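In what follows, a single structure is set out as structure tokens and then discussed.
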Amino acid sequence: MYRIVDGAKVPAKVAHLSSLPEVEWAVPDCIWQLPPLGPPSSSSSSSSSGRSQAAGRQGRRRLAQAGAQPNDPLYTSKPQWHLPAISAPQAWETVGGAAVKTCVVDSGMATSHTDLPTPLKGWNTVPVMSGSTLLGFPQAGQASFTDYADRYGHGTRVAGILAAQTDNGIGVAGLAYEAPLLVCRIFNASTGGYSSSIDRCIDLCLAEGAKVFSLSLGSNMSQSEPDAFTKAMYKKIKDAGALVVAASGNGGRRLDQDSIVERSTWQLPAALAHPDFGFDNVIAVAATMKDGAGSVKLWTNSDYAPSFVQLSAPGDDIWTTAAGSAQYATGSGTSYATPLVSGAAAMVWAAAQAAGRSVTYLQVKQALLGSVDVYASLATKVTTGGQLNVAAAIQAILSQGVPRPPPRPPPPPPPTIQGLDRRPGQFWRFYLNSSWYQMLMLDTATATLQQCTDACKSEPRCLFYTFLAYPPDEIPTDGNLFTYCDDPNKNEFGLAPNCMLWSGDAVRCPPFSEDYSNSCQCTDSTTAANLASIESGRVIRPSPPPPPPASGKGGSKSRWLVGSSSWS
């Protein structure tokens, strides 16, 4: 990662470096926002029986007996409904809590919680700041480098769901309670993390042999595909033969409804699970909630996408460990569903190893996706149409046959005419000033749809178009060109466009809504209802050829991850 020292802005520096022939790519060091915690609980000392951890370790062997239940008080008193819902007790009968090394990248983990294991190793990769000035990063040999103590609380909750000590007479039960945890902290109490911190965590965990990465975090993709640095980060995990389990997001949205246009709002790293991106080692997880006795449905605020969010797990009213004086808390979200799937993956992998079978991440993934409990309520929400069943997944990996592969995602709609992905009747809105755009105001050169699409095809910067056909007797001469979405009463007027073009990095506006608080200046049209014809679409351009190998003394091209001196 490189710091800007000449006062240039990050976008300008990225553009300059990207233009150099010896540079393969340059991208900003993006900020990842703190994930939401959810409400705290008042349960603390009442959940402890005072049993020693040694007694707990002896007791955990009971769970290998048929029908045995953990004696953790909150398992039955709250209860921890999510564990029976994924058949955890039946899985414990087979393998106990054994699991392979699992890396949790989050806000760290409480270091003195009596219901959490001591991690195999823990690190801190949070940048050292003085106000808004970057001073550096914790280095090996410094006490701060191994300070993984949780200042925020989110990582402690994730770790407890995944691997809280179980059958030890106190608190809660964890799924993979014997998992060797690798804990890497990227968040402080009130500041977001950086891509460079996540990258360092990946390197540290891979060096320790992590096979599963549990990532209950996310950042919007902000463009139509992941940037080069993101791809490079997660390619390291794939090349090492490890699995990534990631939260789909808590926006309550279907993510893949409008094909490529909506991709800027998809959450990374879960979006890497989309088949277009080539990361078959990534599992994207949605969250479920109870829906009467013995049934579940998608949690109200869970993001979903049948084309790449592959399965679900319980993510509502989940009791787990907490940092601070509360000791235990309940919360909801895809962050709470994700460690159940990562814990299950680690158990499936360990079960195969214990049976003397060498398996790949694809076989583990297929065992998980091919053994879900199918629910009608999830049929159009996730690829498998089902919820995690860890016991069935373990049996699938141990069986002689090959687990059935996950269902194929539905193919994207084919272009209806050469070179175009057309969406008749749709009016696409994009943020102004976020990228290159052009408004063609009742121009005779673009009076027809064909002329509008030809204009986009002929402009190398253009990827998206919207065409508006006005009835001959209703052509506006003083139409509404756009509004300020944070103030619907503030408009700017001019000749109404009949052809609007945008570049590929344009950011899609949210749907029309009375809530303008999170919006900004967007393209709009008050006369859209009176139009004879509306069509939006995308120009399908061939992929550019790979860059030629570098020649001469320069060697291979350099890669730049760019931050700023002020980090504002």
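Just so we're aligned: the sequence shown equals residues 23 to 590 in the numbering used here. Cβ coordinates follow ideal geometry from the N, Cα and C atoms, glycine included. A quick note: this is a predicted structure, and the numbers were derived from the prediction, not measured.
Beta-carbon proximity check, residue i vs residue j, cutoff 8 Å
i, j, result
"Thr252", "Leu226", "no"
"Val126", "Thr343", "no"
"Thr360", "Ser236", "yes"
"Asn210", "Tyr170", "no"
"Ser109", "Ala414", "yes"
"Leu485", "Leu391", "no"
"Asn303", "Leu265", "yes"
"Ala308", "Ser270", "yes"
"Gln187", "Leu138", "yes"
"Ala30", "Leu39", "no"
"Thr352", "Asp339", "yes"
"Thr116", "Ala373", "yes"
"Val412", "Ala113", "yes"
"Thr178", "Ala345", "yes"
"Ser286", "Gln349", "no"
"Ala389", "Ala418", "yes"
"Gly196", "Gly182", "yes"
"Gly119", "Tyr199", "yes"
"Tyr453", "Ser558", "no"
"Gly240", "Ala292", "yes"
"Ala528", "Ser421", "no"
"Gly263", "Thr168", "no"
"Leu462", "Asn520", "yes"
"Gly447", "Ile556", "yes"
Whole-angstrom distance between residue j and residue i, CA atom to CA atom
i, j, result
"Leu56", "Arg444", "37 Å"
"Ser218", "Pro111", "39 Å"
"Ser525", "Asp325", "27 Å"
"Val122", "Trp371", "7 Å"
"Val148", "Val180", "19 Å"
"Ser357", "Gly214", "16 Å"
"Ser212", "Leu59", "12 Å"
"Ala306", "Val234", "13 Å"
"Leu490", "Leu277", "26 Å"
"Ile53", "Val394", "34 Å"
"Asp249", "Met311", "34 Å"
"Lys479", "Gly273", "34 Å"
"Ile208", "Asn146", "7 Å"
"Leu1", "Ala554", "Absent from the model: residue 1. The displayed extent of the chain is 23 to 590, so no value can be given."
"Arg530", "Arg451", "6 Å"
"Ser166", "Gly158", "12 Å"
"Ser294", "Ala254", "At residue 294 the sequence reads Leu, which differs from the Ser that was named. Spanning the two alpha carbons is a distance of roughly 12 Å."
"Leu384", "Tyr459", "42 Å"
"Pro62", "Gly355", "Confidence is the limiting factor: at Pro62 the pLDDT is only 45, short of 50, which leaves the residue's position unreliable and the question unanswerable from this model."
"Gly613", "Ala232", "Outside the shown range of the chain, which is 23 to 590, sits residue 613, and nothing can be said about it."
"Gly423", "Val386", "At Gly423, the pLDDT of 47 sits below 50, so the modelled position is not reliable and the matter cannot be decided from this model."
"Asn341", "Leu96", "Reading off the sequence shown, one finds Trp at residue 341, where the question assumed Asn. The straight-line gap from Cα to Cα measures roughly 8 Å."
"Ile26", "Lys257", "27 Å"
"Lys403", "Pro43", "44 Å"
"Ala90", "Leu410", "21 Å"
"Ile220", "Thr140", "22 Å"
"Asp94", "Asp189", "5 Å"
"Cys474", "Arg563", "16 Å"
"Phe449", "Ala268", "32 Å"
"Pro50", "Ile416", "41 Å"
"Ala469", "Leu523", "14 Å"
Chain B contact for residue i (CB, 8 Å cutoff)
i, result
"Pro361", "Judged by its chain identifiers, the structure shown contains no chain B, having just a single protein chain."
Presumed contact (8 Å Cβ cut-off) between residue i and residue j, rounded CB distance
i, j, result
"Leu203", "Ala185", "6 Å"
"Ser129", "His176", "5 Å"
"Lys260", "Phe299", "Lys260 to Phe299, Cβ: 11 Å. No contact."
"Ala107", "Pro336", "5 Å"
"Asp172", "Ala201", "No, Asp172 and Ala201 are not in contact; Cβ-Cβ is about 18 Å, not under 8 Å."
Near the ligand MG: residue i beta-carbon under 7 Å from a heavy atom
i, result
"Leu362", "As far as ligands go, the structure on display features none, and thus does not contain the ligand MG."
Can at least three beta-carbon pairs, one atom from the segment 394 to 412 and one from the segment 308 to 319, be found at a separation below 8 Å?
yes
Hey, which unbroken runs of the beta strand (DSSP E) at 3 residues or more fall wholly within the segment 262 to 315?
265 to 269, 304 to 312
Jot down the residue ranges of each uninterrupted alpha helix (DSSP H) in the segment 89 to 129, minimum 4 residues, whole runs only, in chain order.
95 to 99, 104 to 107, 110 to 117
Please give me, in chain order, every unbroken run of the beta strand (DSSP E) with length at least 3 that falls completely inside the segment 130 to 202.
143 to 146, 150 to 152, 155 to 158
Extract the residue ranges of the beta strand (DSSP E) inside the segment 457 to 489, only unbroken runs of 3 or more that lie entirely within it.
459 to 462
Which ranges does the alpha helix (DSSP H) cover as unbroken runs of at least 4 residues, wholly within the segment 336 to 411, from first to last along the chain?
356 to 376, 383 to 391
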